[in-house]
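J.: I'd like to ask some things about the structure below.
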Amino acid sequence: EFKKADLDFKHGVRISTDFAPEASILGNPKDLVTIIDCLLDNAQEAMTSQEEKCITLKTAAGQHTVKLTIEDNGSGLPFCSPCRHNSECLSCPEFHIGRTTKEKGSGLGITLVRNSIAKLNGDLRIESGPGRGTAVQIWFPRNRKHAKAAG
């Protein structure tokens, strides 16, 4: 909620959420916070020229996994569009320290995201292209014990 208020107040970003109540992720919450925080920062920074800036966060629970999706209407990633390996984003050579699309970026954020996803035994897929925004989809093992207790 603090991050949402900060993005809205400082940057005029509208954030919408759609969280499935049964979507409980197995793993260290700090890793999940790192992932979401870095991806929200990246999304906000990609929307410099958009008049209306929108980010959507949603979760969906499958039988064994929880899917987290973060979408923006930013400038998109030019190197993802021609990619034929979009099911192997965790090992994509385009995402490494030093590779960035931002003027003052370092590429460190996406590296932290990849490492945190790997620690949570997750999988990553990025769909993006110039001028069409970015959708980051992450699948995590579902914490079925917690999901049963909540529902």
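No gaps in the numbering here: position 81 of the sequence shown is 177 in the numbering used here, and each next residue is one more. Heads up, the beta-carbon is just placed ideally off N, CA and C, and yes, glycines get one too.
Mapping the DSSP letters down to three states, classify T113 as helix, strand or coil.
T.: What you label residue 113 is simply residue 17 of the sequence shown in a count that begins at 1. Looking at T113 - three-state DSSP - the assignment turns out to be strand.
J.: Looking at the structure shown, is K244 part of a helix, part of a strand, or coil, going by DSSP?
T.: Position 148 of the sequence shown, counting from 1, holds the residue named residue 244. Residue placement at K244 is flagged as unreliable, the pLDDT there being 43, under the threshold of 50; the coordinate-derived value follows with that caveat. Helix, per DSSP.
J.: Assign P174 to one of three DSSP states: helix, strand, or coil.
T.: Position 78 of the sequence shown, counted from the start, is the residue given in the question as residue 174. In this structure, P174 counts as coil in the three-state DSSP scheme.
J.: DSSP state of L153, grouped into three classes?
T.: Against the sequence shown, residue 153 aligns to sequence position 57. It is a strand residue.
J.: So the alpha helix (DSSP H) I206 belongs to, where does it begin and stop?
T.: On the sequence shown, residue 206 is found 110 positions in, with the first residue counted as 1. Residues L204 to K215.
J.: Any idea if L173 is buried or exposed, counting beta-carbon neighbours within 10 angstroms, 16 or more meaning buried?
T.: Counted from its first residue, the sequence shown places residue 173 at position 77. The residue is buried, with at least 16 neighbouring Cβ atoms inside 10 Å.
J.: So, is E147 buried or exposed, given that buried needs 16 or more other C-beta atoms within 10 angstroms?
T.: Position 51 of the sequence shown holds residue 147. Exposed: under 16 other Cβ atoms inside 10 Å.
J.: Based on the DSSP secondary-structure assignment, which residues constitute the bridge partners of T144?
T.: Position 48 of the sequence shown, counted from the start, is the residue given in the question as residue 144. BP columns for T144 are empty, so no partner.
J.: In whole angstroms, give me the CA-to-CA distance for R228 and I121.
T.: Taking the sequence shown and counting its residues from 1, one reaches residue 228 at position 132. Taking the sequence shown and counting its residues from 1, one reaches residue 121 at position 25. Cα to Cα, R228 sits roughly 29 Å from I121.
J.: Just the Cα atoms here: how many angstroms apart are E141 and D168?
T.: On the sequence shown, position 45 is the one that residue 141 refers to. On the sequence shown, position 72 is the one that residue 168 refers to. Approximately 10 Å between the Cα atoms of the pair.
J.: Count the other CB atoms, across all protein chains shown, that sit within 10 Å of the CB of G218; report buried if there are 16 or more and exposed otherwise.
T.: Locating residue 218 in the sequence shown gives position 122, where the first residue counts as 1. It counts as buried.
J.: If we ignore side chains and look at the alpha-carbon of each, how far apart do T152 and A139 end up?
T.: The residue given as residue 152 occupies position 56 in the sequence shown. The residue given as residue 139 occupies position 43 in the sequence shown. Answer to the nearest angstrom: the Cα atoms are 10 Å apart.
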